[in-house]
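Protein chains in written order, with this note's numbering: chain A, 1 to 93; chain B, 1 to 375.
Reviewing the structure listed below.
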Amino acid sequence: MTLYAKIILSKFVVRYFMSIKIILFGKLADIAGNSVSVKNVSDTDSLINTLHKEYPGLSGTKYLIAVDKQVIKENTVLNNNSTVALLPPFSGG
Amino acid sequence: MKDQNLYERYHRQIILPEFGEEGQQKLLKAKILVIGAGGLGCPALQYLSAAGIGTIGIVDDDVVALNNLHRQVLYSVNDIGLSKAKRAAHILQQLNPEIKIISYNERLATQNALTLIDDFDIIIDGTDNFSTRYMINDACVLLNKPLVYGAISQFEGQVSVFNRQPLMGSNEAVNYRDLFPDPPKDGEVLNCAEAGVLGVLPGIIGTMMANETIKLITGIGEPLINQLLTYNALNNQVYILNLSARKETRSLIPKNKKEFLQIDYEWLCASPVQQAEVDSDIFNGMVVKGNIDVIDVRELHEMPAVNEFNHIRIPLAQLADNTSLIKSNTVIAFCQSGKRSLQAAKILSGIFGDSKKIYSLRGGIVEWKKQKQTV
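Written out as structure tokens, the structure reads:
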């Protein structure tokens, strides 16, 4: 196997077995459950796409995304065992 | 004599080494504005008054209602129908006659917000709607006032300190628009009246807000500056997120008083597209023509029963999860009065976009049955 093929294969293996834990808050948890796990995603954009396909109720709702407790502003690469939190705004007082 | 009294009243916190007489003097000199004397405002006000905040302003234009009492523990049945701001001020003044409490029995609006907020050191947001929350956020950024934020839904709460420069590092102060740049539209996020709330939850979150305020004033501990704490009352899970400022946020906040006055915060939160409604006549025509899905979004136990036309039943709360049941390209939702079906139509439009035509039956099944009898 060439080195190039090895790199491609290892990337594939890492991606395939990578498991991302997602914590959902508020009404997002009503839609998808408190905690779900998604495999085979490499960044937050692909994670959100996958989630929206699985739980159509999530599209059209507003929420912020945090990776390992840091709120992110743009597409972010995920590492193995990253925890992603999706948090909707609350208005109640 | 008065000093001796003061010492006695606050003795148990003055003897804390981190706090001391110095901490107490800071509280007595502080001016705090609490906006909203409801679920969050009540406990925050009680602890801030008891702790000896020198001046407390209370803004609320609402009156006490029976369904407030399970969480707004400052009030009693005798207060029903009376101004929250005035009653809260009266009750708190009895708790601590040595501090100054000012009640503002008025609704916070762009016209009075800047004048009110400018008179105080720290602002506490205990309001119950997005338009006021965004208004308070923008006003605090404009006037450079720290904002202690709290919000609740059902069993969960959020707490943060906005618009306060962190002591360490070079991070900028974060405000609410760094989290959620634009307000959600009307009906997108349910409030306590619609979604419900466990009575003790605002007690916990409002008390945390009082705690953050006291830490900010006295300089003890680590206030939630550039952090957002979430608390779940069902499993006691606490999750703290780290926040950072966005460059784009600046452009969303009015640059000066004049610009602030021109923003219609109510409108910002209103729905941009009106959902299409059909009346009973048009509805009947569409049913006859066929090739549509009619959805009853009422709860399964709700009467009257409908057997005059084919329909499927998906209660509003389950609608988003059951869109696979919807096959036709034209969909009409109905409920009892036509209100929930409008929400349903919004949800479906959000999911299906332009791929399906979504309508709501105006006046609901009650009006439809009435029309049928008169024909």
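Just so you know, even glycine gets a beta-carbon here, dropped at the ideal spot from N, CA and C.
Keep in mind the model is a prediction, meaning the values are calculated, not measured.
Would you say residue i reaches chain A, if we count a Cβ-Cβ gap shorter than 8 angstroms as a contact?
i	result
B:Asn96	no
B:Ser244	yes
B:Val189	yes
B:Pro272	Any reading at B:Pro272 needs caution, since the residue's pLDDT is 48, under 50, leaving its predicted position unreliable; the model's value is listed next. By this cut-off, B:Pro272 is not an interface position.
B:Asn129	yes
B:Ala320	yes
B:Thr213	no
B:Val331	no
B:Phe180	yes
B:Ile351	yes
B:Lys110	Lys is not the amino acid found at residue 110 of chain B; the sequence shown has Thr there. Judged by the 8 angstroms Cβ criterion, B:Thr110 is not in contact with chain A.
B:Gly57	no
B:Thr323	yes
B:Tyr359	no
Which residues share a DSSP beta bridge with residue i?
i	result
B:Gly206	B:Gly206 is not bridged to any residue.
B:Ile124	B:Val34 and B:Val148
B:Asn175	None, per the DSSP bridge assignment.
B:Ala109	None, per the DSSP bridge assignment.
B:Ile314	According to DSSP, which records beta bridges pairwise, B:Ile314 is partnered with nothing at all.
B:Glu277	B:Ser360
B:Asp293	B:Val331
B:Tyr378	The structure shown does not extend to residue 378 of chain B, since chain B spans only 1 to 375, so no value can be given for it.
A:Asp43	A:Val77
B:Val197	B:Gln154
B:Tyr75	According to DSSP, B:Tyr75 bridges with nothing at all.
A:Ala85	A:Ile23 and A:Ala66
B:Ile80	B:Val64
B:Ile347	Looking at the DSSP assignment, B:Ile347 forms no beta bridge with any residue, so it has no partner.
A:Val71	A:Ala66
Would residue i count as contacting chain B if we go by Cβ distances under 8 angstroms?
i	result
A:Ile69	Residue identity check: residue 69 of chain A is Lys in the sequence provided, not Ile. Yes, A:Lys69 lies at the interface with chain B (some Cβ there is under 8 angstroms from its Cβ).
A:Lys62	yes
A:Val13	Summary for A:Val13: the model assigns pLDDT 49, below 50, so the residue's position carries little reliability; its value from the coordinates is reported in the next sentence. No, because no Cβ of chain B sits closer than 8 angstroms to the Cβ of A:Val13.
Which of the three DSSP states is assigned to residue i in this structure?
i	result
B:Asp118	helix
B:Ser153	strand
A:Gly92	strand
A:Ser37	strand
A:Thr61	coil
B:Ile217	helix
B:Gly41	helix
B:Phe162	strand
B:Gln377	Beyond the ends of chain B as shown, which are 1 and 375, falls residue 377 of chain B; an answer cannot be given.
B:Leu143	helix
B:Met1	For B:Met1, the predicted model reports a pLDDT of 43, less than 50, meaning its position is unreliable and no value from the coordinates is stated.
B:Ala305	coil
B:Lys255	coil
B:Gln392	Any question about residue 392 of chain B goes unanswered here, given that chain B covers just 1 to 375.
B:Tyr104	strand
B:Val189	coil
B:Ile56	strand
B:Ala326	Just to set this straight, residue 326 of chain B is Ile in the shown sequence, not Ala. Coil, per DSSP.
B:Ile225	strand
Residues of chain A with CB under 7 angstroms from residue i, in chain order?
i	result
B:Arg133	Ser91
B:Thr230	Phe25 and Leu87
B:Gly36	Gly93
B:Ala126	The residue you asked about is not Ala; residue 126 of chain B is Gly in the sequence shown. Ordered by position in chain A, the residues that pass the 7 angstroms Cβ test against B:Gly126 are Gly93.
So which residues of chain A does residue i contact, with C-beta pairs closer than 9 angstroms?
i	result
B:Pro377	No information on residue 377 of chain B is available, as it lies outside the stretch 1 to 375 that chain B covers here.
Could you tell me which chain A residues have their CB closer than 8 angstroms to the CB of residue i, listed as they occur along the chain?
i	result
B:Leu40	Gly93
B:Thr115	Within 8 angstroms Cβ-Cβ: nothing; B:Thr115 doesn't reach chain A, min ~22 angstroms.
Open item on the list: Can you pull out the residues from the stretch 68-92 of chain A whose beta carbon lies closer than 8 angstroms to at least one beta carbon of chain B?
Closed with: Lys69, Gln70, Val71, Lys73, Ala85, Leu87, Pro88, Pro89, Phe90, Ser91 and Gly92
Task: Residues of the stretch 26-38 of chain A whose Cβ lies closer than 8 angstroms to any Cβ of chain B, in chain order - done: Residues passing the 8 angstroms Cβ filter: Gly26, Lys27, Asp30 and Ile31.
Task: Interfacial residues, the stretch 149-174 of chain B to chain A, with Cβ spacing under 8 angstroms - done: Gly150, Ala151, Ile152, Ser153, Gln154, Glu156, Gly157 and Gln158
Task: Residues in the stretch 236-268 of chain B having any Cβ partner in chain A nearer than 8 angstroms - done: Within the stretch 236-268 of chain B, the qualifying residues are Tyr239, Ile240, Leu241, Asn242, Leu243, Ser244 and Arg246.
TODO: Return the residues of the stretch 196-208 of chain B that lie within a Cβ-Cβ distance of less than 8 angstroms from chain A, sorted by chain order.
DONE: So the close ones are Val197 and Pro202.
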